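Enquirer: Pasting a structure here, questions to come.
Residue numbers (this note's numbering), protein chains in the order written: chain A, 2 to 108; chain B, 5 to 568; chain C, 17 to 259; chain D, -8 to 318.
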């Protein structure tokens, strides 16, 4: 591991950006953007997380294998979310309208 | 070889066990229970997984006896359901998953890469304790009401409808999951940072590559099953509804999360076994493995692609047709690296100098059984066929061919192959060959009829069945009794050999790996001098240090014929 | 394996030991990502199904307390990072004081969390047989603002019109709320425990510019817990603030 | 029914020949590889057996062309299997337009079936031959799976979801129906029969089933299923309502401590005013059937309940007659 020492100034800068982004995410939540509210919230959260990983956690100054581990974790999480959702969002839901079987279930 | 413990004559060598080694460096129960030596921890695992193997084996025996008649004559339906559930839980979570990684992997990874120990020896010991703690929870569940959910814990049966001891069982598996995770973590770090000078990535033994691939699954898959089973436990304890449709939850989500781990878990079982076979074949064919980088790469490919296929267990749950198409397609992709391995092993035999030693028989058996298990996977991955054979005995036969035919043959092959390193002594060759053959034939008789049963439509997990299926079931039970003998024999003669076996010497086969460059059994610190690797893997040509020209003591006169 | 000075016996060099520890910690954190991932997956699907109920549930949370906690936690990440820096440059006293600050902030976070949990408990929003999403609207406390209660009632009646099974679905939201924040809080408690140990070691002067691996490793863990919260905050508190 | 040792089940639906052909295709490919590899391995074992102790093999490290070949060839074959399988599956998941819709509800441990005209069956499904049938399925409790090997079809029955599947029976006969997804204690006896009839016979059966009601016992048994009495009054006493097995003529202990004799009047009152006399240990949850049953039907039900004397416990063998009290 390279002995790169990050100066406290950088840390304070990162902290202030995180504060600003927190304020931004709260502010954005009060504006009705329809489906984009969640997109913006997650985008801001991801920017914040990236800042923490790169600077507070020194990933920017870490060896390649650390980057591989981070990428793997994010990638695998993405596999789980994306492939599971790929099932749910492409389902044929017209059967839910069928009431006869609902009646039958209740008897 | 580093120590002058052998006296040699021109034709035969008589070895002595070295004076001090990892088994006798310290004494007393404390020195074992508090050990941080990876070799001793491996032995702790050896005993504990063997215990769970016999627990699971007893359940299996009862299942097979029960199924001899269509009505089932041994136990009640409740008990039968508990038997197959507990068989699955004990075998999968407490035998198959830890078997090769935690026993052979623990013992061999540091030896093979020339390290003194794993990177985190204390965490390694912690892994074993977590395994034992998890095991205690599960045994508690078995003995206080049992478990009748199926090892798959499908909700809402497991979370709402089962009256058995589900909560302690899922907690046990949760805890055991952290044992796996920490083992995988230890291996990954060790393989990255602890390799001896000269041990580059492409000089790593293929077993180490397989362990690395397995560890990826441990690290990235296991946490998901841990949290999922924890949620099932919470559902039961606090009346929550994550997966309970009556409370708005989705039972299919449980299956997604469950199989996200549990399908790759199959590769946890088979990848290390493939690694073992990749060590055995070049050793006994005395030539470099064919396509080293393809075998190494295919291990990683299996581990990665293995995470993309899980929902092929769910083709008939009402899963989206599009998702089913994608998952079937990806499932076929994961077959390719497995095929590559089989072709490469076969080619390694070409123009080899092949001996029929026991580990080689196991390797041969592995190829045969894995071939059947793997190819029948193609049937199940096929969307159209899965409609018919899903949840039938075809599936049961398929995964037993992979898990028992593949993983257990690999495990036993590995145990035999490295037994001289572990114990310092050779097992009785003749008995070992006999038991390998018994295992192979007993296995096929047990499980092959189940393919036919499955195609005929006999569903899984039935405590009774229509009379027309009886003949095939009786065949299967007969096979199981032969199989049981095949498992008992090695137990007996391996224990016998601890005291009476011929002293093996450092490298009885001989083999090219670094682990064979140290004493048998190795000293606590593995290598008295940090070794330096200057040779390519599985290279017999440039290795005069292997001393192929002396006859190793105690082995059968070679070449051996006839008893196969 | 025996330890000689700062070097554990299985390693050849301090450099190797440090690299191993760092890689080990990162690998552990990747495990944690997937561990929380299972909960995030459950959250995503249920929010996809029951958006209304999740919005209603989210709006019962106290945004001021949640925001306060976000600030506290990010601040604690800053002090943690500063203590790693201090240990790198050999400022022992500063190392210790930044660690203490981190511990204090972490405890403050947990304290605020306790207040929030208490509120939910009083309002019958803890999943279980007594769960009732409109308990507060039906049984307002004397010091509750009547206007606020009216607004809540209106929101609830609209939501019930959209989703007759609102109670069950809001209960799912709260199951996930308690599951996710509870697991997060558990990580905080473990982290606080490790901080106590670190502070003691630091006071004993164990950390030097050449040996500060424990500070760094526990720092990594602490930042990870911070990141989890960075996601939990918008996902749990900010679903439907714009009505 | 079939040969002594059949390798495939009877082919009785449009999917059966398709699936069997697909099976044959994959078996052929797999058999080719299995035999080739096994032969190669055994041949090498004998051909290259070690001749003397110091012999080593010829060092061959690999061959790019071979590696490529055995990546590409299996890939192509696998894709062929995938594509064929996908075609069959997509067909199976998309039912044709004009289908005969049958409703199926799975519950621990029985199949409740409703014909298009409202006629109900339990663990029995009557179907016409050569007609596209769609099953619309739901579960009351855990996940089940409706499986008919002779049709080569199955589909999970999931609580909270509706799953459908379709097929076209092509051969009259009786075929086994299984629950294929493990669903608890009596999973193995959650089985039944599919009866495929000629279309004329089916129509006659549908309308003629009413004719059978001339016999009050048969009519009562049918009502017992149709009116869903059977869902609570399980014969093993584990249901939400008391078991009616051997009830008639016995003394019944009520929740308020009184005892009554279970005679015709008591049964009639319990059907029409269920909450008048609650059996000790049970909840007053049964709905009243006042106005929903004709007197004739009440008589039929009473006759059926009377007949439940010393009814043996449900059969434990799979594939025996459905457990709804056939004599």
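Using N, Cα and C, we set each Cβ at its ideal position, and we do this for glycine too. Remember, it's a predicted structure, so these values are computed and weren't measured experimentally.
Taking all protein chains shown into account, do 16 or more other C-beta atoms lie within 10 angstroms of the C-beta of residue 224 of chain C, making it buried, or fewer, making it exposed?
Expert: What you label residue 224 of chain C is simply residue 208 of the third chain in a count that begins at 1. Exposed, by the Cβ-count rule.
Enquirer: Compare the C-beta of residue 40 of chain D against all C-beta atoms of chain B and say whether one is closer than 8 Å.
Expert: Within the fourth chain, numbered from 1, the residue matching residue 40 of chain D stands at position 49. By this cut-off, residue 40 of chain D is an interface position.
Enquirer: Going by Cα to Cα distance, which pick from D:257, D:208, D:100 and D:163 is closest to residue 223 of chain D?
Expert: Within the fourth chain, residue 223 of chain D is the residue found at index 232, counting from 1. Checking every option, the nearest Cα to that of residue 223 of chain D belongs to D:100.
Enquirer: Here's the rule: buried if 16 or more other CB atoms are within 10 angstroms of the residue's CB, otherwise exposed. What is residue 198 of chain D?
Expert: By one-based count along the fourth chain, residue 198 of chain D stands at place 207. Exposed.
Enquirer: Buried or exposed: residue 159 of chain C, going by 16 or more other Cβ atoms within 10 Å of its Cβ?
Expert: Your numbering for residue 159 of chain C matches position 143 in the third chain. Its Cβ having fewer than 16 others within 10 Å, residue 159 of chain C is exposed.
Enquirer: Over the uninterrupted alpha helix (DSSP H) stretch that includes residue 39 of chain D, give me the two end residues.
Expert: In the fourth chain, counting from the first residue as 1, residue 39 of chain D sits at position 48. First-last for residue 39 of chain D: undefined, no H or E at that position.
Enquirer: Do residue 0 of chain D and residue 292 of chain B count as a contact pair if the criterion is CB distance below 8 Å?
Expert: Looking up residue 292 of chain B in the second chain gives position 288. Looking up residue 0 of chain D in the fourth chain gives position 9. Not closer than 8 Å, so no.
Enquirer: Compute the beta-carbon to beta-carbon distance between residue 90 of chain B and residue 146 of chain B, rounded to the nearest angstrom, for a pair I have assumed lies under 8 Å.
Expert: For the purposes of this step, residue 90 of chain B is taken as residue 86 along the second chain, with counting starting at 1. For the purposes of this step, residue 146 of chain B is taken as residue 142 along the second chain, with counting starting at 1. Residue 90 of chain B to residue 146 of chain B, Cβ: 5 Å. Contact.
Enquirer: Let me check one thing: in DSSP terms, what residues is residue 129 of chain D bridge-paired to?
Expert: Taking the first residue of the fourth chain as 1, we reach residue 129 of chain D at position 138. DSSP lists D:96 as partners of residue 129 of chain D.
Enquirer: Please report the straight-line C-alpha distance between residue 213 of chain D and residue 81 of chain D, rounded to a whole angstrom.
Expert: Numbered from 1 along the fourth chain, position 222 holds the residue referred to as residue 213 of chain D. Numbered from 1 along the fourth chain, position 90 holds the residue referred to as residue 81 of chain D. Rounded to whole angstroms, residue 213 of chain D to residue 81 of chain D spans 37 Å at the Cα level.
Enquirer: Quick check on this structure: which residue in D:249, D:238 and D:292 has the alpha carbon closest to the alpha carbon of residue 263 of chain D?
Expert: What you label residue 263 of chain D is simply residue 272 of the fourth chain in a count that begins at 1. Ranking D:249, D:238 and D:292 by Cα distance to residue 263 of chain D puts D:292 first.
Enquirer: Which runs of the beta strand (DSSP E) at least 3 residues long sit entirely within the segment 56 to 94 of chain A? Give them in chain order.
Expert: none
Enquirer: Where does residue 160 of chain D fall in DSSP's three states?
Expert: On the fourth chain, position 169 is the one that residue 160 of chain D refers to. Correct three-state label for residue 160 of chain D: strand.
Enquirer: Please check if any C-beta of chain D sits within less than 8 Å of the C-beta of residue 261 of chain B.
Expert: On the second chain, position 257 is the one that residue 261 of chain B refers to. False, the Cβ-Cβ gap to chain D never drops below 8 Å.
Enquirer: Over what stretch of residues does the beta strand (DSSP E) that includes residue 184 of chain D continue unbroken?
Expert: Locating residue 184 of chain D in the fourth chain gives position 193, where the first residue counts as 1. 183 to 188 is the extent of the beta strand (DSSP E) around residue 184 of chain D.
Enquirer: Can you give me the Cβ contacts of residue 90 of chain C inside the same chain, cut-off strictly under 6 Å, excluding the 5 residues immediately before and after it?
Expert: Translated into the one-based positions of the third chain, residue 90 of chain C becomes position 74. The answer is none, since no qualifying residue turns up.
Enquirer: Between the Cα of residue 157 of chain B and the Cα atoms of B:272, B:533, B:472 and B:247, which residue gives the shortest distance?
Expert: Here the question's residue 157 of chain B lines up with position 153 in the second chain. When each option's Cα is compared against that of residue 157 of chain B, the closest is B:247.
Enquirer: Identify, in the order they occur along the chain, each residue of the same chain with its Cβ nearer than 7 Å to the Cβ of residue 573 of chain B, setting aside the five sequence neighbours on each side.
Expert: Missing from the structure shown is residue 573 of chain B; chain B here goes from 5 to 568 and no further.
Enquirer: Secondary structure at residue 254 of chain C, three-state DSSP: helix, strand or coil?
Expert: The residue given as residue 254 of chain C occupies position 238 in the third chain. Reduced to three states, the DSSP call for residue 254 of chain C is coil.
Enquirer: Is residue 537 of chain B near residue 202 of chain B, with beta carbons less than 8 Å apart?
Expert: Stepping through the second chain from its first residue, residue 537 of chain B is reached at position 533. Stepping through the second chain from its first residue, residue 202 of chain B is reached at position 198. Yes.
Enquirer: Output, in chain order, the set of chain A residues within a Cβ distance shorter than 7 Å of residue 118 of chain C.
Expert: As a position in the third chain, residue 118 of chain C is number 102, starting the count at 1. Going along chain A, no residue has its Cβ under 7 Å from residue 118 of chain C, so there is no contact; the nearest lies around 12 Å.
Enquirer: Assuming residue 552 of chain B and residue 437 of chain B make a contact with CB atoms under 8 Å, what is their CB distance in whole Å?
Expert: Position 548 of the second chain, counted from the start, is the residue given in the question as residue 552 of chain B. Position 433 of the second chain, counted from the start, is the residue given in the question as residue 437 of chain B. No, residue 552 of chain B and residue 437 of chain B are not in contact; Cβ-Cβ is about 22 Å, not under 8 Å.
Enquirer: Compare the C-beta of residue 236 of chain B against all C-beta atoms of chain A and say whether one is closer than 8 Å.
Expert: Residue mapping note: residue 236 of chain B aligns to position 232 of the second chain, counting from 1. Not an interface residue.
Enquirer: Got a sec? Which residues, its chain only, sit under 6 Å from residue 145 of chain D by beta carbon, not counting five neighbours each side?
Expert: As a position in the fourth chain, residue 145 of chain D is number 154, starting the count at 1. Closer than 6 Å at the Cβ level, and outside the excluded window around residue 145 of chain D, lie 136, 138 and 171.
Enquirer: Could one say the Cβ of residue 171 of chain D lies closer than 8 Å to chain B's Cβ atoms, at least one of them?
Expert: Here residue 171 of chain D corresponds to residue number 180 of the fourth chain, with the count starting at 1. By this cut-off, residue 171 of chain D is an interface position.
Enquirer: Rounded to whole angstroms, what's the CA-CA distance from residue 568 of chain B to residue 530 of chain B? Just pull it up for me.
Expert: For the purposes of this step, residue 568 of chain B is identified with residue 564 of the second chain, where counting begins at 1. For the purposes of this step, residue 530 of chain B is identified with residue 526 of the second chain, where counting begins at 1. Because residue 568 of chain B sits at a pLDDT of 38, beneath the cut-off of 50, its placement in the model cannot be relied upon, and the point is left open.
Enquirer: Considering only their Cβ atoms, is the gap separating residue 7 of chain D from residue 143 of chain D smaller than 8 Å?
Expert: Position 152 of the fourth chain holds residue 143 of chain D. Position 16 of the fourth chain holds residue 7 of chain D. Yes. Within cutoff.
Enquirer: Which of the three DSSP states is assigned to residue 171 of chain D in this structure?
Expert: In the fourth chain, the residue the question calls residue 171 of chain D occupies position 180. The answer is coil: DSSP assigns residue 171 of chain D none of H, G, I, E or B.
Enquirer: Does residue 312 of chain B come within less than 8 Å of chain A when only Cβ atoms are used?
Expert: Counting from one through the second chain, the residue named residue 312 of chain B turns up at place 308. Chain A, which has a Cβ nearer than 8 Å to the Cβ of residue 312 of chain B, makes this yes.
Enquirer: Against chain B, with Cβ distances strictly below 8 Å, would residue 47 of chain A count as a contact?
Expert: As a first step, residue 47 of chain A must be located in the first chain, where it is residue number 46. For residue 47 of chain A, the answer is no, since every Cβ of chain B falls outside 8 Å of its Cβ.
Enquirer: Out of curiosity, what's the CA-to-CA distance linking residue 347 of chain B and residue 68 of chain B?
Expert: Here residue 347 of chain B corresponds to residue number 343 of the second chain, with the count starting at 1. Here residue 68 of chain B corresponds to residue number 64 of the second chain, with the count starting at 1. Approximately 35 Å between the Cα atoms of the pair.
Enquirer: Taking a contact to mean a Cβ-Cβ separation below 8 Å, would you say residue 527 of chain B touches residue 74 of chain B in this structure?
Expert: Position 523 of the second chain, counted from the first residue, corresponds to residue 527 of chain B. Position 70 of the second chain, counted from the first residue, corresponds to residue 74 of chain B. No, the Cβ-Cβ distance between residue 527 of chain B and residue 74 of chain B is not below 8 Å.
Enquirer: Measuring only the C-alpha atoms, how far is residue 276 of chain B from residue 26 of chain A?
Expert: Reading the second chain from its first residue, position 272 is the one you call residue 276 of chain B. Reading the first chain from its first residue, position 25 is the one you call residue 26 of chain A. Between residue 276 of chain B and residue 26 of chain A, the C-alpha separation is close to 47 Å.
Enquirer: According to DSSP, is residue 154 of chain D helix, strand or coil?
Expert: Indexing the fourth chain from 1 puts residue 154 of chain D at position 163. Reduced to three states, the DSSP call for residue 154 of chain D is strand.
Enquirer: In chain order, which continuous runs of the beta strand (DSSP E) of length 3 or greater are located wholly inside the segment 44 to 116 of chain D?
Expert: Whole beta strand (DSSP E) segments, 3+ residues: 91 to 98, 101 to 105 and 111 to 113.
Enquirer: Could you check if residue 370 of chain B is buried or exposed, using at least 16 other CB atoms within 10 Å of its CB as the buried criterion?
Expert: For this step, residue 370 of chain B is matched to residue 366 along the second chain. By the neighbour-count rule (16 or more Cβ atoms within 10 Å), residue 370 of chain B is buried.
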